[in-house]
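> Per the working numbering, the sequence shown runs over residues 1 to 546.
Just so it is clear, CB atoms sit at the ideal spot from N, CA and C, and this is done for glycine as well.
This is the structure I want to talk about, given as C-alpha cells.
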Amino acid sequence: MAALNSFPAPPPRSLLITGATVIDGTGAAGFRADVAVDAGRIVAVGNDLPGFLRAERTIDAAGLVVAPGFIDMHAHSDLQILANPDHTAKVSQGVTLEVLGQDGLSFAPIDEATRIAVRRQIAGWNGEPDDFDFSWSTVAGYLDRLDQGIACNAAYLVPQGTLRMMVVGTANRPATAAELAEMKRLLAEGLAQGAVGMSSGLTYTPGMFAGTTELVELCKVVAEYGGYYSPHQRSYGKGALEAYAEMVEIARRSGCALHLTHATMNFEPNKGRGVDLIAMIDEALADGVDITTDTYPYLPGATTLSAILPSWSAEGGADALLARLADPADRERITYELEQVGTDGCHGCVTDWNTIEIGGVKNPELGSAVGRTVAELAAGSGRAPAEVFFDVLIRDNLATTILQHVGHEENVQAIMKHPTHTGGSDAILVGGKPHPRAWGTFPRYLAHYVRKLGVLELADCIHHLTGRPAARLRLVDRGLVREGYHADLVLFDPAGVRDTATFDNPRQQAEGIPWVLVGGVPVIEDGHRTGAMPGRAVRRTFLKGN
Numbered sequence: 001m002a003a004l005n006s007f008p009a010p011p012p013r014s015l016l017i018t019g020a021t022v023i024d025g026t027g028a029a030g031f032r033a034d035v036a037v038d039a040g041r042i043v044a045v046g047n048d049l050p051g052f053l054r055a056e057r058t059i060d061a062a063g064l065v066v067a068p069g070f071i072d073m074h075a076h077s078d079l080q081i082l083a084n085p086d087h088t089a090k091v092s093q094g095v096t097l098e099v100l101g102q103d104g105l106s107f108a109p110i111d112e113a114t115r116i117a118v119r120r121q122i123a124g125w126n127g128e129p130d131d132f133d134f135s136w137s138t139v140a141g142y143l144d145r146l147d148q149g150i151a152c153n154a155a156y157l158v159p160q161g162t163l164r165m166m167v168v169g170t171a172n173r174p175a176t177a178a179e180l181a182e183m184k185r186l187l188a189e190g191l192a193q194g195a196v197g198m199s200s201g202l203t204y205t206p207g208m209f210a211g212t213t214e215l216v217e218l219c220k221v222v223a224e225y226g227g228y229y230s231p232h233q234r235s236y237g238k239g240a241l242e243a244y245a246e247m248v249e250i251a252r253r254s255g256c257a258l259h260l261t262h263a264t265m266n267f268e269p270n271k272g273r274g275v276d277l278i279a280m281i282d283e284a285l286a287d288g289v290d291i292t293t294d295t296y297p298y299l300p301g302a303t304t305l306s307a308i309l310p311s312w313s314a315e316g317g318a319d320a321l322l323a324r325l326a327d328p329a330d331r332e333r334i335t336y337e338l339e340q341v342g343t344d345g346c347h348g349c350v351t352d353w354n355t356i357e358i359g360g361v362k363n364p365e366l367g368s369a370v371g372r373t374v375a376e377l378a379a380g381s382g383r384a385p386a387e388v389f390f391d392v393l394i395r396d397n398l399a400t401t402i403l404q405h406v407g408h409e410e411n412v413q414a415i416m417k418h419p420t421h422t423g424g425s426d427a428i429l430v431g432g433k434p435h436p437r438a439w440g441t442f443p444r445y446l447a448h449y450v451r452k453l454g455v456l457e458l459a460d461c462i463h464h465l466t467g468r469p470a471a472r473l474r475l476v477d478r479g480l481v482r483e484g485y486h487a488d489l490v491l492f493d494p495a496g497v498r499d500t501a502t503f504d505n506p507r508q509q510a511e512g513i514p515w516v517l518v519g520g521v522p523v524i525e526d527g528h529r530t531g532a533m534p535g536r537a538v539r540r541t542f543l544k545g546n
C-alpha cells in the first residue's frame with residue numbers, strides 16, 4: 001500500500017477549538033464537538049476534553065463549522081506559489097492542499113531549453129516573475145523548493161507535454177521506441193520522487209501530438225506506481241464525448257486510475273449533454289474502471305488566447321507560431337479554420353468572437369483590452385475580429401489569457417452531483433481580470449450550490465471537497481477531521497460564507513471564513529492573512545504494484 005511521506009510544518013503550540021459543528025469529510029452529518037490540536041495533528045475530537053482545557057490557545061467556534069481543509073484538485077499555481085507564497089487567493093477560501101503540474105505543462109522534470117520554451121508557452125498561466133530562481137531540474141528538486149515555505153500544502157503531477165518536449169521536441173509525429181522508453185524513465189523517476197500521477201494537455205502542443213497507444217504506455221508506468229492520470233483531453237466541445245471515451249479506453253488498457261479534470265461539457269453542441277457523460281462514467285465504473293472527476297462551479301472557462309489556434313500552427317514552438325501569425329497565407333488559413341471549420345484548439349467548434357474575453361495581458365500597451373471581447377475590440381477599431389486576434393497575440397508575445405463564455409448550467413449541476421465529483425478551481429492567478437474562480441471556487445460551492453440552490457447537501461459537498469479528493473490522492477492522514485490526521489482545517493459560517501469575487505472585480509476575498517489552519521498553524525485568523533508559511537510538498541511514496 002502507498003504511504004504518505006510529507007514534511008510536517010514546524011510544530012505549533014497546542015490549540016483547542018470549542019463549540020463547533022464538526023463536518024468530518026466522510027459525508028456524514030455534522031455533530032457538536034471540540035477539536036484538540038497539538039504538534040500539527042488532531043489529537044482529540046469530542047465533547048469532553050478536560051486534558052486540553054489548558055491549551056495554549058482556544059478558538060471559540062460557536063456557530064461555525066469545522067471541516068477538513070479544502071483540496072483543490074486542479075491548480076495552476078506552479079510558479080506563483082513560489083513567487084508569491086502568501087497565496088491569499090487560495091488559503092482565504094479554505095484551501096489547505098492544491099495539486100499542481102496540470103494540463104501537461106509545468107516545470108519538473110525539465111532541462112534548460114525546455115524550461116525556456118515552457119515558461120514562454122504558459123506565461124499566461126503562471127506569469128513571468130522577475131529574477132525567478134529556477135534552481136531545480138527534477139521533481140524532487142521542485143518539491144524541495146516548495147518545502148522552503150508556502151502558505152498551503154501542494155502535491156504535483158508529472159506533465160506529459162513537458163516530457164514530450166524534452167524527449168521528442170515539438171514535432172507532430174509519433175515517438176520512437178527509444179523516445180517512448182526515455183519518457184517512461186523520466187516519468188517513473190518523477191513518480192518515485194513523490195509525484196502523485198501524470199497530467200496531459202491534449203489540446204496544447206506538444207502533448208496533443210501523442211497518440212492513444214503512447215498515452216497508454218505512459219499510463220502503465222503511472223499504474224505501476226499507484227498514481228492516477230489527469231488528462232486535459234482532446235476536446236470539450238464538438239468531440240467531447242469521443243474524447244472522454246478515449247480517456248476511458250486509456251484507463252482500461254493501462255489499468256491506471258483516471259481523474260477527469262475540469263470535467264465539463266461546453267460549447268453549443270453539448271447543451272444538456274452532461275447526462276451523457278455521466279452515463280459513460282457510470283458504465284465504466286460498473287466495468288471496474290477507477291474514475292473520479294473535478295469541476296469548477298462556474299460557466300465560463302479560462303485559458304490562453306493562443307490555445308484556440310489550430311495545432312498545426314504551433315508545431316515547432318513559439319517562434320515558429322509567431323512567424324505563421326505574421327504570414328498572410330497562414331493568417332488566411334487560420335482565419336478560415338477558426339471561423340468556418342472549427343479548430344482542434346477551439347475544441348472542434350467554430351469560434352464565436354463574442355465569447356472570447358481578454359482576461360490578462362503581459363504587454364501594458366494592451367491593458368485597455370482587458371475585460372473586453374475580441375468582437376468588442378474589433379467593433380471599436382473597425383477591423384475584422386481575426387485581425388484583432390492576430391494583433392493581440394503578436395504584440396503580447398503569446399502571453400494573453402482569456403475567459404471563454406461557453407458553459408451550460410444544467411451540465412455543471414448534473415456533473416457536480418455525481419458521486420465521483422471533487423472540486424478543482426483550474427485557477428489562473430495572474431492577469432488584469434483573472435477568472436473569479438481563483439478567489440471564489442470553494443465558497444461558491446457552499447454559498448451558491450449548497451445554501452442557495454440546494455444542489456448538494458452541506459455534508460455531501462464537504463465530502464466532495466475534502467475526503468473524496470484525499471482518497472483519490474491516496475493520502476492516509478489528510479482530508480478528514482479525525483484523530484491522528486494533519487490539522488489542516490477550515491472554520492466557516494454556514495449561513496454567511498459566500499464568494500465575493502466577480503468577473504468585473506475578481507480579486508475579492510470570500511466572506512464567512514474566519515479561520516484556516518495548515519498543520520495546526522493559523523494562516524487565516526479572524527479573516528486576515530497571518531503571514532505564516534506552514535505549507536509543504538505532499539509527497540507520495542509508491543510501492544510498485546500497489
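1) Report yes if the C-beta distance between residue 231 and residue 349 is below 9 Å; otherwise report no.
2) Apply the 10 Å Cβ neighbour rule to residue 418 and answer buried if 16 or more other Cβ atoms are within range, or exposed otherwise.
3) Assuming residue 345 and residue 308 are in contact, meaning their beta carbons sit under 8 Å apart, how far apart are those beta carbons, in whole angstroms?
4) Measure how close the beta-carbons of residue 467 and residue 169 come, nearest whole angstrom, since I'm counting them as under 8 Å.
5) Please work out which residues of its chain come closer than 6 Å, Cβ to Cβ, to residue 399, disregarding the five sequence neighbours upstream and downstream, and give them in chain order.
6) Can you look up residue 586 in the DSSP assignment and give me helix, strand or coil?
7) Is the segment 270 to 285 touching the segment 396 to 416 in the sense that three or more CB pairs, one from each, lie closer than 8 Å?
8) Taking all protein chains shown into account, do 16 or more other C-beta atoms lie within 10 angstroms of the C-beta of residue 484, making it buried, or fewer, making it exposed?
9) On a CA-only basis, which of 261, 96, 287 and 291 is nearest residue 442? Give me that one, please.
10) Does the Cβ-Cβ distance between residue 295 and residue 116 come in under 9 Å?
11) For residue 139, which residues of its own chain have a beta-carbon under 7 Å away from its beta-carbon, when the five flanking residues on both sides are left out?
12) Quick one: grab the DSSP three-state call for residue 391.
13) Within the same chain, show all residues whose beta-carbon is closer than 8 Å to that of residue 378, passing over the 5 residues directly before and after it, in chain order.
14) Have a look at residue 130 and residue 19 and give me their C-alpha separation to the nearest angstrom.
15) Does the segment 489 to 505 come close enough to the segment 442 to 460 that 3 or more CB-CB pairs lie under 8 Å?
16) Rounded to a whole number of angstroms, what is the C-alpha to C-alpha distance between residue 133 and residue 83?
17) For residue 183, report the span of its alpha helix (DSSP H) as first-last.
18) Output the boundary residues of the alpha helix (DSSP H) element that contains residue 443.
19) Using the Cβ count rule (16 or more neighbours within 10 Å means buried), how would you classify residue 199?
20) Taking the CB atoms as reference points, tell me whether residue 257 and residue 197 lie closer together than 9 Å.
21) Assign residue 222 to one of two classes, buried (16 or more other C-beta atoms within 10 Å of its C-beta) or exposed (fewer than that).
22) Give a yes or no on whether the C-beta atoms belonging to residue 204 and residue 103 are separated by under 9 Å.
23) Please look up how many angstroms separate the CB atoms of residue 238 and residue 267, rounded, as I've assumed it's under 8 Å.
24) For residue 176, which of 263, 217 and 421 has the nearest alpha-carbon?
25) Thinking residue 259 and residue 292 are a contact (beta carbons under 8 Å), I'd like their distance in whole angstroms, please.
26) For residue 87, does the three-state DSSP call read helix, strand or coil?
27) Tell me where the alpha helix (DSSP H) around residue 413 begins and ends.
28) Out of curiosity, what's the CA-to-CA distance linking residue 465 and residue 489?
29) In the DSSP assignment, what are the bridge partners of residue 20?
30) Would you report the Cα separation of residue 265 and residue 46, rounded to the nearest angstrom?
31) According to DSSP, is residue 71 part of a helix, a strand, or is it coil?
32) Tell me which same chain residues have a C-beta within less than 6 Å of the C-beta of residue 330, skipping the five on either side of it?
33) My guess is that residue 534 and residue 518 are in contact by the Cβ rule of under 8 Å, so how many angstroms apart are they, rounded?
34) Based on Cα-Cα distance, which residue from 55, 28 and 29 lies nearest to residue 35?
35) Report the three-state DSSP secondary structure of residue 379 (helix, strand or coil).
36) Would you tell me roughly how many angstroms separate the C-alpha atoms of residue 457 and residue 511, rounded to the nearest one?
Per the coordinate set shown:
1) Taking the first residue of the sequence shown as 1, we reach residue 231 at position 231. Taking the first residue of the sequence shown as 1, we reach residue 349 at position 349. No, Cβ-Cβ distance for residue 231 and residue 349 is not below 9 Å.
2) If you number the sequence shown from 1, residue 418 lands on position 418. That one is buried.
3) Position 345 of the sequence shown holds residue 345. Position 308 of the sequence shown holds residue 308. Residue 345 to residue 308, Cβ: 5 Å. Contact.
4) Translated into the one-based positions of the sequence shown, residue 467 becomes position 467. Translated into the one-based positions of the sequence shown, residue 169 becomes position 169. Contact flag wrong, Cβ pair sits at about 42 Å.
5) Taking the sequence shown and counting its residues from 1, the one referred to as residue 399 is at position 399. Result list for residue 399: 123, 124 and 362, in chain order.
6) Missing from the structure shown is residue 586; the chain here goes from 1 to 546 and no further.
7) yes
8) Here residue 484 corresponds to residue number 484 of the sequence shown, with the count starting at 1. When all chains shown are included, residue 484 counts as exposed.
9) Within the sequence shown, the letter at position 442 stands for residue 442. Comparing Cα-Cα distances from residue 442 to each of 261, 96, 287 and 291, the minimum goes to 96.
10) Within the sequence shown, residue 295 is the residue found at index 295, counting from 1. Within the sequence shown, residue 116 is the residue found at index 116, counting from 1. No, Cβ-Cβ distance for residue 295 and residue 116 is not below 9 Å.
11) Position 139 of the sequence shown, counting from 1, holds the residue named residue 139. Closer than 7 Å at the Cβ level, and outside the excluded window around residue 139, lie 108, 109, 156, 158, 190, 193, 194 and 195.
12) As a working mapping, residue 391 is identified with position 391 in the sequence shown. Helix.
13) Here residue 378 refers to the residue found at position 378 of the sequence shown. Excluding positions up to five away in sequence, the list reads 353, 384, 385, 387 and 388.
14) Walking along the sequence shown from the start, residue 130 turns up at place 130. Walking along the sequence shown from the start, residue 19 turns up at place 19. Each residue's Cα considered, the two are about 46 Å apart.
15) yes
16) For the purposes of this step, residue 133 is taken as residue 133 along the sequence shown, with counting starting at 1. For the purposes of this step, residue 83 is taken as residue 83 along the sequence shown, with counting starting at 1. So the alpha carbons of these two residues sit roughly 9 Å apart.
17) As a working note, residue 183 is residue 183 in the sequence shown. Taken as a continuous stretch (DSSP letters only), the alpha helix (DSSP H) holding residue 183 covers 177 to 192.
18) Stepping through the sequence shown from its first residue, residue 443 is reached at position 443. Counting along the chain, the alpha helix (DSSP H) containing residue 443 begins and ends at 437 to 444.
19) To locate residue 199, count along the sequence shown from 1; it is residue 199. Buried: at least 16 other Cβ atoms inside 10 Å.
20) Translated into the one-based positions of the sequence shown, residue 257 becomes position 257. Translated into the one-based positions of the sequence shown, residue 197 becomes position 197. Result yes, Cβ atoms of residue 257 and residue 197 sit closer than 9 Å.
21) Start at 1 with the first residue of the sequence shown, and residue 222 comes out as number 222. The residue is buried, with at least 16 neighbouring Cβ atoms inside 10 Å.
22) On the sequence shown, residue 204 is found 204 positions in, with the first residue counted as 1. On the sequence shown, residue 103 is found 103 positions in, with the first residue counted as 1. Contact: yes.
23) In the sequence shown, residue 238 corresponds to position 238, counting from 1. In the sequence shown, residue 267 corresponds to position 267, counting from 1. Contact flag correct, Cβ pair sits at about 7 Å.
24) Translated into the one-based positions of the sequence shown, residue 176 becomes position 176. That would be 217, whose Cα lies nearest to the Cα of residue 176.
25) For the purposes of this step, residue 259 is taken as the residue at position 259 of the sequence shown. For the purposes of this step, residue 292 is taken as the residue at position 292 of the sequence shown. With 8 Å as the limit, residue 259 and residue 292 qualify as a contact, their Cβ atoms being about 5 Å apart.
26) Residue numbering aside, residue 87 sits at position 87 when the sequence shown is read from its first letter. If DSSP states are grouped into helix, strand and coil, residue 87 belongs with coil.
27) The residue labelled residue 413 in the question sits at position 413 within the sequence shown. Start and end: 409 to 416.
28) The residue labelled residue 465 in the question sits at position 465 within the sequence shown. The residue labelled residue 489 in the question sits at position 489 within the sequence shown. In a straight line, the C-alpha of residue 465 is about 12 Å away from that of residue 489.
29) As a first step, residue 20 must be located in the sequence shown, where it is residue number 20. Residue 20 is bridged to 33.
30) Numbered from 1 along the sequence shown, position 265 holds the residue referred to as residue 265. Numbered from 1 along the sequence shown, position 46 holds the residue referred to as residue 46. C-alpha separation (whole angstroms): 43 Å.
31) On the sequence shown, residue 71 is found 71 positions in, with the first residue counted as 1. The answer is strand: DSSP assigns residue 71 an E or B state.
32) Counting from one through the sequence shown, the residue named residue 330 turns up at place 330. 324.
33) Here residue 534 refers to the residue found at position 534 of the sequence shown. Here residue 518 refers to the residue found at position 518 of the sequence shown. Indeed they touch by this definition, with Cβ atoms about 5 Å apart.
34) Walking along the sequence shown from the start, residue 35 turns up at place 35. Cα-wise, what sits closest to residue 35 is 55.
35) The count along the sequence shown starts at 1 and reaches residue 379 at position 379. Correct three-state label for residue 379: helix.
36) Within the sequence shown, numbered from 1, the residue matching residue 457 stands at position 457. Within the sequence shown, numbered from 1, the residue matching residue 511 stands at position 511. Their backbone Cα atoms lie some 20 Å apart in a straight line.
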